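Protein chains in written order, with numbering that gives the first Met the number 0: chain E, 0 to 259; chain H, 0 to 360.
Here's the structure, in structure tokens; my notes come after.
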Amino acid sequence: MALLEVRDLAIAFGGLKAVDGVSFSVEKGEVFAIIGPNGAGKSTIFNLISRFYDPSAGSIRFEGREITGLAAHEIAPLGIARTFQNIELFDHSTVLQNLLMGRHAHRRTSWIEDLLFLPRVRREERLHRRRVEEVIEFLELEAHRNKLIAGLPYGVRKVVEIGRALATGPKLLLLDEPASGLSVEETQDVAFWIEDMQKDMGLTILMVEHDMNLVARVSNRVLAVANGRPLAMGTPAEVQGHPAVIEAYLGTAAVSKVSA
Amino acid sequence: MRFIFKTSYDRDIDLFEDGWHRARIAALLAVLVALPFLLGEYYLAEATNLLIWSLAGMGLMLLVGHSGQVSLGHAAFLAIGAYTDAALMHCGLPWPVAFAAAGLVSGLFGALVAIPAIRMSGIYLAIATLALFVLVEEAVILAEPITGGIGGIMAPPIQLFGISFERYGALANFYWLCLGVVAAVTLAYANLLRSPTGRAFMAVRDSEVSARALGINVARTKTLAFGLSCAATGLAGSLMGHFLGFFNYEAFSIFISINLLLVVTIGGLGFIQGAFLGAILIAAVPQVLSILRDVSGIDTSGYPGLETVVFAAILIGFIIYEPMGLYGRWLKIRTFFDLFPLCRRDMFRRQKSYLKTERMR
């Protein structure tokens with residue numbers, strides 16, 4: 000059974016069919032990339048999986064369980080974490096606090112216990128902190144631990160957001176353009192981390208990305224979409240060479256040139 | 000400068016960062032406890048008033064500063080607290096029960112109001128809470144059997160174990176009572192901020208989308224913030240009723256709401272300390288004005304709006320020059336001396352994030 004199974008997913012905003020009949024399944028332990036030109040519906044697919052949008056048709060099953068009926072805040076406890084294309088961090092908090100907020104799905108104390116700060120709250124806090132420290136060590140964020148997000152450079156924020164998603168202890172990690180706006184060196188770091196997350200942590204990763212080098216390097220399978228419809232699926236090389244993909248990116252004339 | 004070497008996670012979880020910090024807070028508490036022996040009747044009454052305002056300020060700070068919702072109607076919750084307390088004590092209930100009920104009723108009412116209110120934000124929420132304030136004010140006037148209507152109601156004197164805590168008869172006792180309540184609420188507030196609940200508040204404040212993606216139930220979190228905020232304000236209202244002794248609906252006018260908003264904004268949004276600093280400033284302005292009047296000999300009684308003008312000027316000044324408020328300014332001064340002479344001018348300047356539009360709060 001696939002970890003995530005998306006079948007005939009569709010959503011329309013007014014007359015615009017942003018996603019129209021997309022199906023794919025992500026196997027446990029693989030890195031699955033979704034590519035496509037701007038406005039192809041890639042981020043919309045993410046927002047559908049995160050339950051920010053209600054699909055007009057289709058199903059999304061996670062570990063065999065239908066999740067289209069759940070509320071957005073019920074997704075993280077299942078083990079699905081995500082990052083955002085335009086970094087959505089908690090700007091007025093420190094890196095450490097941001098990562099601790101990522102532990103929310105694992106909180107077990109009620110607000111009354113929190114108000115009184117009973118011993119159980121402290122025990123839980125220690126456990127959360129240990130998990131967060133593991134993430135900090137993995138992503139080498141030690142130097143930024145107590146800095147406010149508002150003062151951090153873009154590249155670091157991007158990493159903090161991956162860290163916050165990791166802190167939730169996910170089974171499936173959704174990365175929305177993890178390398179956008181990053182320098183070549185930073186993109187390489189991201190590539191290393193994705194490989195480590197896959198091999199050492201056993202995570203399954205679904206990502207949207209424009210950087211074809213990164214996609215080709217880390218992903219096992221790629222799905223290309225354009226105008227909300229699936230174009231091709233397969234290994235990075237297969238999809239990159241697929242005539243429909245080249246056409247979507249460069250136009251029909253390009254296809255004849257490439258094949259000629 | 001001092002370096003704090005952290006050797007366990009507990010150092011970050013603890014309320015105080017080190018012994019020196021603990022000692023400072025203990026010294027502050029000791030001074031506050033000793034205040035009745037140091038001050039005369041008049042200034043002790045002012046100090047009591049200030050404590051009550053700080054308590055109300057903490058209530059609003061939780062809402063505005065930590066969960067990112069605005070309220071122009073918090074005077075309504077002061078009123079609900081004051082009237083609940085007085086009405087229950089008139090029924091013969093002892094003060095602790097009436098006091099707890101005042102917090103509970105205001106909190107529950109706040110949570111109830113939150114159910115429609117959390118769908119709004121920014122200016123819309125401000126207007127909605129303003130409307131709520133008007134409704135409560137009218138209800139207070141109409142519910143004459145309980146509230147005394149326009150004529151007003153007397154807050155019965157507090158008696159506990161044969162000791163009087165009356166504001167006019169035993170001001171020192173009443174002051175200590177208020178101090179105890181404020182200390183307890185401050186501790187609970189600080190606990191909240193270092194626990195998952197407080198973090199959820201701040202998460203909702205800074206990015207609702209992210210909060211939802213992390214498994215935070217935004218509606219529930221906002222409702223809880225509203226409830227806790229209104230409960231603290233209700234407790235303050237109950238004490239305020241006893242402080243005034245006799246009050247009617249005019250004691251909780253819209254200007255109280257606005258002053259409370261001034262307290263949290265000038266004090267420094269997002270800091271518990273800000274509620275206290277803001278309350279000190281709000282309480283000090285009329286005092287300073289009257290002292291200036293005495294010293295300069297200029298008769299200002301012909302200018303009834305002078306206080307308001309000064310408040311307005313202070314607020315505008317803070318919004319332009321120090322949006323982080325009094326506490327933010329204090330942080331900067333402290334950092335300057337901590338790092339002296341290495342403090343950079345733009346140390347606190349926020350980096351612009353060009354990707355995200357600043358949401359209106």
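Just so it is clear, CB atoms sit at the ideal spot from N, CA and C, and this is done for glycine as well.
Remember, it's a predicted structure, so these values are computed and weren't measured experimentally.
Look at Leu230/E here: in three-state DSSP terms it is strand.
Within its own chain, the residues whose Cβ lies closer than 7 Å to the Cβ of Gln272/H, once the five positions on either side in sequence are excluded, are Tyr326, listed in chain order. Taking 8 Å as the CB threshold, Thr196/H lines the interface with chain E. Within chain E, no C-beta atom comes nearer than 7 Å to that of Ile126/H; the closest sits roughly 25 Å away. Going by DSSP, Ser209/H is part of the alpha helix (DSSP H) stretching over 207-212. Membership of Lys16/E in the beta strand (DSSP E) is indicated by the continuous run 15-25. Per DSSP, Thr307/H lies in no beta strand (DSSP E); the unbroken alpha helix (DSSP H) holding it starts and ends at 305-320. By the CB criterion at 8 Å, Leu222/E and Phe45/E fall outside the cutoff.
Under the 8 Å Cβ criterion, the stretch 170-190 of chain H counts as touching the stretch 23-35 of chain H, having at least three qualifying pairs. For Tyr42/H, the closest alpha carbon among the candidates Ile157/H, Gly269/H, Gln286/H is that of Gln286/H.
Where Gly273/H is concerned, the enclosing alpha helix (DSSP H) starts and stops at 271-295.
Here Lys16/E is not near Thr203/E, since their CB atoms are 8 Å or more apart.
For Met100/E, the residues of chain H that pass the 7 Å Cβ criterion are Arg198, Ala202, Leu213, in the order they occur in the chain. Burial state of Trp94/H is buried, judged by a 10 Å Cβ sphere holding 16 or more other Cβ atoms. What Val120/E touches in chain H, judged by beta-carbon distance under 7 Å, is Ser194, going in chain order. With its beta carbon less than 8 Å from one in chain E, Tyr8/H belongs to the interface. Ile318/H does not reach chain E, its nearest Cβ partner there being about 17 Å away, counting only Cβ pairs nearer than 9 Å. Across the structure, Ile319/H and Ala312/H are spaced so that their CA atoms are roughly 11 Å apart.
Taking a C-beta cut-off of 9 Å against chain H, the contacting residues of the stretch 116-142 of chain E are Phe116, Val120, Arg121, Glu123, Glu124, Arg125, His127, Arg128, Arg129, Glu132, listed in chain order.
The beta-carbon distance between Phe246/H and Ala81/H, rounded to whole angstroms, is 6 Å. This is short enough to meet the 8 Å contact definition. At least one C-beta of chain E is nearer than 8 Å to the C-beta of Gly269/H.
Here Val139/H is buried. Its C-beta has 16 or more other C-beta atoms within 10 Å. With a cutoff of 8 Å on beta-carbon distance, Ala182/H and Gln68/H are scored as not near each other.
Between the stretch 48-55 of chain H and the stretch 205-216 of chain H there are fewer than three C-beta pairs closer than 8 Å, too few to call the two in contact. Rounded to the nearest angstrom, the Cβ distance from Asp90/E to Ile148/E is 5 Å, consistent with a contact under 8 Å. Scanning Thr6/H, Val180/H, Ile152/H for the CA closest to the CA of Gly233/H turns up Val180/H. For the pair Arg156/E and Leu114/E, the CB atoms are not nearer than the 8 Å cut-off.
Judged by beta-carbon spacing, Val158/E lies beyond the 8 Å limit of Ile33/E, meaning their Cβ atoms are not closer than that value. Residues of chain E whose Cβ lies closer than 8 Å to the Cβ of Val208/H are, in chain order, Phe51, Phe83, Glu87.
Not one beta carbon of chain E lies nearer than 8 Å to the beta carbon of Ala230/H.
Under the three-pair Cβ rule at 8 Å, the stretch 104-112 of chain E does not count as touching the stretch 194-209 of chain E.
Beta-bridge pairing by DSSP links Ser163/H to Gln158/H.
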